[in-house]
Structures are given as structure tokens and as C-alpha cells.
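Colleague: Quick one: structure below, then a few questions.
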Amino acid sequence: MAVISRGFTGRGQTSNRLPPGQTLTTGFPVLTAGPTPHVSTADWNFTLLTETGTEHTWTWTELRDLPQDSPHTDIHCVTGWSKFDTDWQGVSLDILLAEVETNAQFAQAYCHGGYTTNLPLADLRGGQAWIAHTFDGAPLPAEHGGPARLLVPHLYFWKSAKWVQGIRLLEHDQPGFWERAGYHNYGDPWREQRYWND
Amino acid sequence: MPPIDGNAAAGTLAAFFGRDMTAAHGLCAACDQHAPLAEALLYGPAAGTALHCRTCGNLLMTMIEAPGGIIGAMPGLTRLDTRPAGGV
């Protein structure tokens with residue numbers, strides 16, 4: 026009997042967009058390792074703190090007066106779900122970092138509630154990262170990190186820190202909350218970098 | 052999402068330590084509260100298990116379930132005591 030192999034047609038559109046080990050969801054699961062902070066936009070501000078100690082701070086109004094982006098992107102959670110075609114609005118980190126003189130190579134986001142996460146500064150540049158305040162056309166709800174969260178969708182979503190308060194620019198890498206606890210230091214979903222030393 | 056108590060982490064704790072740990076007493080590194088892990092606060096769902104001190108909110112312990120094992124960290128526990136009543 027002849028052995029017939031399946032014709033190679035390439036991966037379908039979904040599998041091309043779905044990193045290894047991920048399952049597609051249409052929901053938007055809420056994950057949190059601590060209490061949900063409730064921060065009013067009147068009290069909100071965002072700070073870039075350079076390696077020399079210089080601070081650049083934007084109030085909510087100042088952030089909203091900057092040029093706004095509308096990233097349309099897929100997101101991937103390390104726990105295994107991915108969500109396609111999410112719509113955000115926010116300010117590109119390129120715009121915020123343009124105000125700052127730095128030779129730093131690394132960044133650590135810090136948040137209301139104490140959460141932190143780290144990544145190379147290069148991953149915040151080049152149209153890859155935003156301070157996002159709007160999801161699906163509505164203000165970002167507190168359970169999803171509102172008033173504003175970091176959005177870095179090319180990395181696992183724990184890097185997209187909720188309730189972001191500021192970003193420290195650092196000469197040396199400083200692992201954050203989940204990175205110290207055992208998740209991967211970088212977290213590329215396409216290389217399935219889930220756990221420390223994966 | 053309101054927190055639940057540390058009993059919800061009983062299974063993960065047992066898998067990590069190889070015994071029931073809910074009655075083990077931990078000493079919080081931030082406020083010196085001495086309490087069983089069952090009384091810690093657990094928020095979630097999360098990317099891992101994170102136990103917080105019921106008194107001051109300090110992060111006591113994290114556990115991440117990975118293929119082949121559990122990665123644990125105890126950044127906020129000065130002491131962990133499995134003797135009956137934690138040696139009290």
C-alpha cells in the first residue's frame with residue numbers, strides 16, 4: 026500500500042501567531058499576585074529615573090497631552106493563554122525616553138503595590154512598548170492595571186506591569202518580582218522562555 | 052479580587068516540601084508576625100502562588116509550578132518552623 030504523506034501547506038494563520046505551548050482565549054483573564062491598588066488619575070504620575078538619579082515625571086494630564094498611539098497586538102501569558110487582536114491606546118516609550126539622557130542598558134518597572142519587572146532598555150525602544158491607559162476603547166480597568174500599565178507585548182505578559190508608577194534605568198540588570206521568584210529573566214514567548222534558565 | 056487564606060496553597064506547599072505545611076509557623080521578616088502559613092493571604096489567580104503576611108502584607112513566599120518541579124522562594128520569611136504549633 027502506498028504511503029501517502031500529507032501535503033505541506035504551511036502552518037495556518039492561527040498557529041503562525043500562536044507561540045509554542047500557548048492556547049488561544051477570547052477572554053481576558055485577570056492575574057494578580059497581590060491586592061489591586063486603586064489609584065485615581067488625579068494622583069497618578071509616571072517617572073523615569075535615570076542611572077544618575079535624574080527624575081522625569083509626567084502627570085496624568087501631561088501624559089494624555091503627548092502624542093498617542095493605538096497598538097493592535099496579540100498578547101501571551103506565561104500561564105499558557107494567548108489573546109489575539111487586542112486594542113490599546115497609550116504613549117510610546119520612545120516619546121518618553123526621548124526626554125531622557127541615559128547610557129543605561131537595563132530597565133526595571135516599579136508599580137503601585139510593590140510589583141516590579143525587568144527588561145533590557147532596548148526592548149522599551151523601537152515602537153515595542155507603551156504606557157497604556159485604554160483597552161478596547163475604554164479606560165483601562167483597575168483589575169487590568171489601570172489607570173495605566175506598561176505594555177510590552179513581544180514578551181510574556183508579566184512584563185507588561187500593571188499599575189505602573191515608573192521605570193528605573195539601570196547600568197546593571199535587576200530581576201523583578203517574578204524573575205527573582207523563578208520565571209525567566211527575559212521571557213520571549215516565541216522561544217518559550219518561561220522559567221529561570223529555560 | 053479579595054484574598055483567600057493560605058490553606059488554598061496546601062497542595063502546592065505539600066508538593067514542594069513533601070509534607071503538609073499549612074500548620075508550619077513562619078516569622079515575617081517585615082513585622083515579626085509569627086503565624087501558620089494557613090493564615091497567610093493568597094491573591095489570584097496569578098502566574099504563581101504568592102503568600103503574603105496577614106498582618107503587614109509583606110510577601111512571605113512564592114512558588115512557581117514548572118514542568119518537573121516547583122521553584123520556591125521565601126523572600127519574606129525569617130524562619131519557618133514545622134514543630135507542633137511552630138514551637139510556641
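Chains A and B supply the protein sequences, listed in that same order.
The first sequence runs contiguously to residue 223 in the working numbering.
The second sequence runs contiguously to residue 139 in the working numbering.
Ideal placement from N, C-alpha and C gives every residue a C-beta, glycine not left out.
By the criterion of Cβ-Cβ separation under 8 Å, what are the contact partners of ALA117/B in chain A?
Modeller: Within chain A, GLY207, ARG219 and TYR220 have C-beta atoms less than 8 Å from the C-beta of ALA117/B, given in sequence order.
Colleague: Using a C-beta to C-beta distance shorter than 9 Å, which residues of chain A count as neighbours of THR113/B?
Modeller: ALA58, PHE202, TRP203, ARG205, ALA206 and GLY207
Colleague: Confirm, please, whether the CB-CB distance from ALA147/A to LEU176/A is below 8 Å.
Modeller: no
Colleague: Of all the options ARG130/B, ARG134/B and PRO118/B, which has the alpha carbon lying nearest to the alpha carbon of MET112/B?
Modeller: ARG130/B
Colleague: Show which residues of chain A have a CB atom less than 8 Å away from the CB atom of MET52/B.
Modeller: VAL55, THR57, THR61 and GLU168, listed in chain order.
Colleague: Taking all protein chains shown into account, do 16 or more other C-beta atoms lie within 10 angstroms of the C-beta of TRP215/A, making it buried, or fewer, making it exposed?
Modeller: exposed
Colleague: GLN47/A and HIS101/A look like a contact to me (Cβ under 8 Å); what is the Cβ gap, rounded to whole Å?
Modeller: Between HIS101/A and GLN47/A the Cβ distance is about 6 Å, and since that is below 8 Å, they are a contact.
Colleague: With a floor of 3 residues, list each beta strand (DSSP E) that falls wholly inside the segment 141-183 of chain A, ordered by position along the chain.
Modeller: 141-145, 155-160 and 174-176
Colleague: Using the beta-carbon count (16 or more within 10 Å), is GLU204/A buried or exposed?
Modeller: Result: buried.
Colleague: Run through DSSP, which three-state label would GLY139/A get?
Modeller: coil
Colleague: Can you list, in chain order, the residues of its chain whose CB lies under 8 Å from that of PRO60/A, leaving out five sequence neighbours each side?
Modeller: GLY138
Colleague: Hey, would you say ILE122/B sits closer than 8 Å to GLY207/A, going by beta carbons?
Modeller: yes
Colleague: Is the CB of PRO87/B under 8 Å away from at least one CB in chain A?
Modeller: no
Colleague: For ASN41/A, count neighbouring C-beta atoms within 10 Å of its own C-beta (all shown protein chains included) and say buried if the count is 16 or more, exposed if not.
Modeller: exposed
Colleague: Using a C-beta to C-beta distance shorter than 9 Å, which residues of chain A count as neighbours of ILE122/B?
Modeller: ALA206, GLY207, TYR208, TYR220 and TRP221
Colleague: If we cut at 8 Å on Cβ distances, does HIS103/B have a partner in chain A?
Modeller: yes
Colleague: How many angstroms separate the CA atom of PHE67/B from the CA atom of TRP155/A?
Modeller: 37 Å
Colleague: For MET125/B, collect the residues of the same chain with a Cβ closer than 6 Å to its Cβ; drop the 5 residues on either side in sequence, then sort them by chain order.
Modeller: MET112
Colleague: Within a Cβ cutoff of 8 Å, which residues of the same chain sit near THR159/A, ignoring the five residues on either side of it in sequence?
Modeller: Here THR159/A has TRP113, GLN114, GLY115 and LEU165 as same chain residues with Cβ atoms under 8 Å from its own Cβ, once five neighbours each way along the sequence are excluded.
Colleague: Helix, strand or coil: how does DSSP classify GLU196/A here?
Modeller: coil
Colleague: What is the DSSP secondary structure of ARG130/B, counted as helix, strand or coil?
Modeller: strand
Colleague: For GLY163/A, count neighbouring C-beta atoms within 10 Å of its own C-beta (all shown protein chains included) and say buried if the count is 16 or more, exposed if not.
Modeller: Residue 163/A is actually Ala in this sequence, not Gly. With fewer than 16 other Cβ atoms inside 10 Å of its own Cβ, ALA163/A counts as exposed.
Colleague: Quick check: what's the CA-CA separation for HIS179/A versus ALA86/B?
Modeller: 41 Å
Colleague: Quick one: which chain B residues come within Cβ less than 9 Å of TRP183/A?
Modeller: ALA98
Colleague: Taking the beta carbon of ALA67/A as the centre, do at least 16 other beta carbons fall within 10 Å, making it buried, or is it exposed?
Modeller: exposed
Colleague: If we define contact as Cβ-Cβ less than 8 Å, is THR104/A a contact residue for chain B?
Modeller: yes
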